[in-house]
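Notes for the one structure printed next.
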(Lines of atoms letter the chains of each structure in order from A and count residues from 1; the text may use other names and numbers.)
(Lines give C-alpha, C1' and ligand atoms only; values in the text may rest on other atoms or scores of the structure.)
Protein backbone atom coordinates (compact mmCIF):
# COMPACT_ATOMS: atom_id res chain seq x y z
CA UNK A 1 0.00 0.00 0.00
CA UNK A 2 0.98 3.67 -0.17
CA UNK A 3 2.16 3.86 3.44
CA UNK A 4 4.51 0.89 3.02
CA UNK A 5 5.75 2.33 -0.28
CA UNK A 6 6.57 5.61 1.44
CA UNK A 7 8.31 3.96 4.40
CA UNK A 8 10.40 1.68 2.18
CA UNK A 9 11.38 4.58 -0.08
CA UNK A 10 12.73 6.68 2.78
CA UNK A 11 14.42 3.66 4.38
CA UNK A 12 16.26 3.14 1.10
CA UNK A 13 17.15 6.82 0.96
CA UNK A 14 18.77 6.48 4.36
CA UNK A 15 20.59 3.31 3.35
CA UNK A 16 22.09 4.70 0.14
CA UNK A 17 22.89 8.34 0.83
CA UNK A 18 26.45 7.91 2.13
CA UNK A 19 28.41 7.60 -1.12
CA UNK A 20 27.78 9.18 -4.56
CA UNK A 21 27.83 5.79 -6.30
CA UNK A 22 25.21 4.49 -3.85
CA UNK A 23 23.04 7.54 -4.50
CA UNK A 24 23.30 7.07 -8.27
CA UNK A 25 22.40 3.39 -7.97
CA UNK A 26 19.38 4.20 -5.83
CA UNK A 27 18.20 6.92 -8.22
CA UNK A 28 18.42 4.50 -11.16
CA UNK A 29 16.35 1.87 -9.34
CA UNK A 30 13.69 4.35 -8.24
CA UNK A 31 13.51 5.84 -11.75
CA UNK A 32 13.03 2.40 -13.29
CA UNK A 33 10.23 1.62 -10.84
CA UNK A 34 8.57 4.99 -11.41
CA UNK A 35 8.72 4.56 -15.20
CA UNK A 36 7.07 1.14 -14.95
CA UNK A 37 4.29 2.45 -12.73
CA UNK A 38 3.58 5.53 -14.83
CA UNK A 39 3.55 3.58 -18.10
CA UNK A 40 1.21 1.03 -16.54
CA UNK A 41 -1.19 3.73 -15.30
CA UNK A 42 -1.18 5.53 -18.65
CA UNK A 43 -1.74 2.29 -20.54
CA UNK A 44 -4.73 1.38 -18.37
CA UNK A 45 -6.22 4.87 -18.65
CA UNK A 46 -5.77 5.52 -14.93
CA UNK A 47 -3.64 8.59 -15.58
CA UNK A 48 -3.73 11.33 -18.21
CA UNK A 49 -1.01 13.68 -19.38
CA UNK A 50 -2.34 16.73 -17.56
CA UNK A 51 -2.51 14.85 -14.26
CA UNK A 52 0.96 13.43 -14.83
CA UNK A 53 2.47 16.89 -15.21
CA UNK A 54 0.45 18.43 -12.40
CA UNK A 55 1.32 15.62 -9.99
CA UNK A 56 5.00 16.07 -10.81
CA UNK A 57 4.93 19.81 -10.22
CA UNK A 58 5.80 20.50 -13.85
CA UNK A 59 4.10 23.24 -15.87
CA UNK A 60 4.60 23.00 -19.62
CA UNK A 61 1.99 24.40 -22.01
CA UNK A 62 0.48 22.47 -24.85
CA UNK A 63 1.25 23.77 -28.31
CA UNK A 64 -0.94 26.59 -29.68
CA UNK A 65 -3.20 26.24 -32.71
CA UNK A 66 -1.09 28.35 -35.08
CA UNK A 67 2.13 26.51 -34.30
CA UNK A 68 0.37 23.16 -34.43
CA UNK A 69 -0.97 23.82 -37.93
CA UNK A 70 2.43 25.08 -39.09
CA UNK A 71 4.34 21.97 -37.92
CA UNK A 72 1.60 19.35 -38.06
CA UNK A 73 3.37 17.04 -40.51
CA UNK A 74 6.58 17.06 -38.45
CA UNK A 75 4.58 16.46 -35.27
CA UNK A 76 2.89 13.49 -36.92
CA UNK A 77 6.33 12.00 -37.49
CA UNK A 78 6.97 12.06 -33.72
CA UNK A 79 4.21 9.53 -33.09
CA UNK A 80 5.34 6.03 -32.13
CA UNK A 81 5.19 3.58 -35.02
CA UNK A 82 2.39 1.46 -33.52
CA UNK A 83 0.21 4.55 -33.11
CA UNK A 84 0.92 5.90 -36.60
CA UNK A 85 -0.11 2.62 -38.22
CA UNK A 86 -3.34 2.34 -36.19
CA UNK A 87 -6.20 3.18 -38.61
CA UNK A 88 -8.60 3.79 -35.72
CA UNK A 89 -6.53 6.30 -33.80
CA UNK A 90 -8.00 9.77 -33.30
CA UNK A 91 -6.39 12.58 -35.30
CA UNK A 92 -3.48 14.42 -33.74
CA UNK A 93 -4.57 17.55 -31.86
CA UNK A 94 -2.97 20.49 -30.06
CA UNK A 95 -3.45 18.71 -26.72
CA UNK A 96 -1.14 15.91 -27.89
CA UNK A 97 2.05 17.99 -27.99
CA UNK A 98 3.77 20.11 -25.36
CA UNK A 99 6.33 22.90 -25.43
CA UNK A 100 9.35 21.99 -23.29
CA UNK A 101 12.56 24.02 -22.86
CA UNK A 102 15.36 22.47 -24.90
CA UNK A 103 17.57 21.78 -21.87
CA UNK A 104 14.80 19.77 -20.21
CA UNK A 105 14.48 17.36 -23.11
CA UNK A 106 18.09 16.44 -23.85
CA UNK A 107 17.40 12.70 -23.81
CA UNK A 108 14.61 13.08 -26.35
CA UNK A 109 16.77 15.42 -28.42
CA UNK A 110 19.59 12.88 -28.52
CA UNK A 111 17.14 10.21 -29.72
CA UNK A 112 15.44 12.56 -32.22
CA UNK A 113 12.09 12.08 -30.52
CA UNK A 114 11.08 15.73 -30.42
CA UNK A 115 10.89 18.71 -32.77
CA UNK A 116 13.24 21.62 -32.03
CA UNK A 117 11.91 25.11 -32.75
CA UNK A 118 13.50 28.34 -31.51
CA UNK A 119 15.05 26.86 -28.38
CA UNK A 120 12.06 24.75 -27.43
CA UNK A 121 11.31 21.07 -27.87
CA UNK A 122 7.87 20.05 -29.09
CA UNK A 123 7.24 16.77 -27.29
CA UNK A 124 4.52 14.21 -27.97
CA UNK A 125 2.49 13.59 -24.81
CA UNK A 126 3.41 9.90 -24.80
CA UNK A 127 7.07 10.85 -24.40
CA UNK A 128 6.55 13.16 -21.43
CA UNK A 129 7.38 10.32 -19.04
CA UNK A 130 11.05 10.89 -19.89
CA UNK A 131 10.70 14.56 -18.94
CA UNK A 132 8.97 13.63 -15.68
CA UNK A 133 11.67 11.08 -14.85
CA UNK A 134 14.43 13.61 -15.48
CA UNK A 135 12.68 16.04 -13.13
CA UNK A 136 12.24 13.30 -10.55
CA UNK A 137 15.92 12.32 -10.74
CA UNK A 138 17.05 15.92 -10.25
CA UNK A 139 14.81 16.44 -7.23
CA UNK A 140 15.76 13.09 -5.68
CA UNK A 141 19.48 13.84 -6.15
CA UNK A 142 19.07 17.22 -4.46
CA UNK A 143 17.14 15.62 -1.60
CA UNK A 144 19.78 12.93 -1.06
CA UNK A 145 22.58 15.49 -1.04
CA UNK A 146 20.68 17.66 1.46
CA UNK A 147 20.03 14.65 3.69
CA UNK A 148 23.69 13.63 3.53
CA UNK A 149 24.80 17.14 4.47
CA UNK A 150 22.46 17.15 7.47
CA UNK A 151 24.05 14.02 9.00
CA UNK A 152 26.97 14.96 11.30
CA UNK A 153 30.31 13.49 10.12
CA UNK A 154 30.70 11.62 13.41
CA UNK A 155 27.32 9.92 13.07
CA UNK A 156 27.21 6.36 11.78
CA UNK A 157 23.60 5.55 10.98
CA UNK A 158 24.46 1.85 10.55
CA UNK A 159 25.18 1.65 14.27
CA UNK A 160 21.73 2.92 15.25
CA UNK A 161 19.96 0.18 17.24
CA UNK A 162 16.62 0.96 15.60
CA UNK A 163 17.56 0.73 11.93
CA UNK A 164 21.24 -0.20 11.76
CA UNK A 165 20.78 -3.89 10.95
CA UNK A 166 18.19 -3.18 8.25
CA UNK A 167 20.36 -0.54 6.57
CA UNK A 168 23.39 -2.83 6.60
CA UNK A 169 21.35 -5.61 5.01
CA UNK A 170 20.09 -3.28 2.28
CA UNK A 171 23.61 -2.09 1.50
CA UNK A 172 24.90 -5.68 1.39
CA UNK A 173 22.05 -6.66 -0.90
CA UNK A 174 23.02 -3.93 -3.35
CA UNK A 175 26.63 -5.10 -3.38
CA UNK A 176 25.51 -8.68 -3.99
CA UNK A 177 23.31 -7.62 -6.92
CA UNK A 178 26.10 -5.47 -8.35
CA UNK A 179 28.57 -8.35 -8.12
CA UNK A 180 26.13 -10.74 -9.80
CA UNK A 181 25.46 -8.28 -12.63
CA UNK A 182 29.16 -7.64 -13.11
CA UNK A 183 29.89 -11.36 -13.22
CA UNK A 184 27.11 -11.97 -15.74
CA UNK A 185 28.27 -9.13 -17.99
CA UNK A 186 31.83 -10.40 -17.80
CA UNK A 187 30.70 -13.89 -18.76
CA UNK A 188 28.72 -12.55 -21.70
CA UNK A 189 31.46 -10.33 -23.03
CA UNK A 190 34.63 -12.27 -22.27
CA UNK A 191 33.86 -15.94 -21.87
CA UNK A 192 31.33 -16.76 -24.55
CA UNK A 193 32.81 -18.43 -27.59
CA UNK A 194 30.28 -18.82 -30.40
CA UNK A 195 32.11 -21.89 -31.68
CA UNK A 196 31.29 -23.69 -28.40
CA UNK A 197 27.57 -22.96 -28.45
CA UNK A 198 26.55 -26.60 -28.91
CA UNK A 199 28.51 -27.87 -25.90
CA UNK A 200 27.41 -24.93 -23.76
CA UNK A 201 23.75 -25.47 -24.60
CA UNK A 202 23.98 -29.15 -23.66
CA UNK A 203 25.65 -28.27 -20.37
CA UNK A 204 23.50 -25.34 -19.27
CA UNK A 205 20.08 -26.03 -20.78
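In my numbering, the protein residues as written are 6 to 210. Ideal placement from N, C-alpha and C gives every residue a C-beta, glycine not left out.
- Query: Secondary structure at residue 76, three-state DSSP: helix, strand or coil?
  - Reply: Numbered from its first residue, the chain shown carries residue 76 at position 71. In the structure shown, residue 76 sits in coil (DSSP, three-state: anything other than H, G, I, E or B).
- Message: Between the segment 144-152 and the segment 16-36, can you find at least three pairs of beta-carbon atoms closer than 8 Å?
- Response: Because the criterion of three Cβ pairs below 8 Å is met, the segment 16-36 and the segment 144-152 touch.
- Message: Can you find the residues in the same chain that come closer than 6 Å, C-beta to C-beta, to residue 100, ignoring five residues on each side of it along the sequence?
- Response: As a first step, residue 100 must be located in the chain shown, where it is residue number 95. The residues 67, in chain order, have a CB closer than 6 Å to that of residue 100 in the same chain once the five nearest residues on each side in sequence are set aside.
- Query: When the Cα of residue 74 is compared with those of 11, 98, 124, 103, which residue comes out closest?
  - Reply: Within the chain shown, numbered from 1, the residue matching residue 74 stands at position 69. Taking only the C-alpha atoms, the option nearest residue 74 is 98.
- Item | Helix, strand or coil at residue 102 according to DSSP, with G and I counted as helix | As a position in the chain shown, residue 102 is number 97, starting the count at 1. In this structure, DSSP gives residue 102 an extended state, which the three-state scheme calls strand.
- Cβ-Cβ separation, residue 72 to residue 133 (assumed contact under 8 Å), whole Å: One-based indexing of the chain shown puts residue 133 at position 128. One-based indexing of the chain shown puts residue 72 at position 67. Going by Cβ atoms, the distance from residue 133 to residue 72 rounds to 18 Å, so no, they are not a contact pair.
- Task: Measure the Cβ-Cβ separation of residue 120 and residue 79 and say whether it is below 7 Å.
- Result: Locating residue 120 in the chain shown gives position 115, where the first residue counts as 1. Locating residue 79 in the chain shown gives position 74, where the first residue counts as 1. A contact, by the Cβ cut-off of 7 Å.
- Please report the residue range of the alpha helix (DSSP H) in which residue 41 lies. Position 36 of the chain shown, counted from the first residue, corresponds to residue 41. Segment 25-48, the alpha helix (DSSP H) holding residue 41.
- Item | Residue interval of the alpha helix (DSSP H) (run including residue 152) | Within the chain shown, numbered from 1, the residue matching residue 152 stands at position 147. Note, residue 152: alpha helix (DSSP H), 133-155.
- With a threshold of 16 other CB atoms inside 10 Å of the CB of residue 15, please say whether the residue is buried or exposed. Here residue 15 refers to the residue found at position 10 of the chain shown. Counting every other CB atom within 10 Å of its CB across the protein chains shown gives residue 15 a total below 16, marking it as exposed.
- 7 Å CB neighbourhood of residue 81 in its chain, flanking five on each side removed: Start at 1 with the first residue of the chain shown, and residue 81 comes out as number 76. Contacts found: 97.
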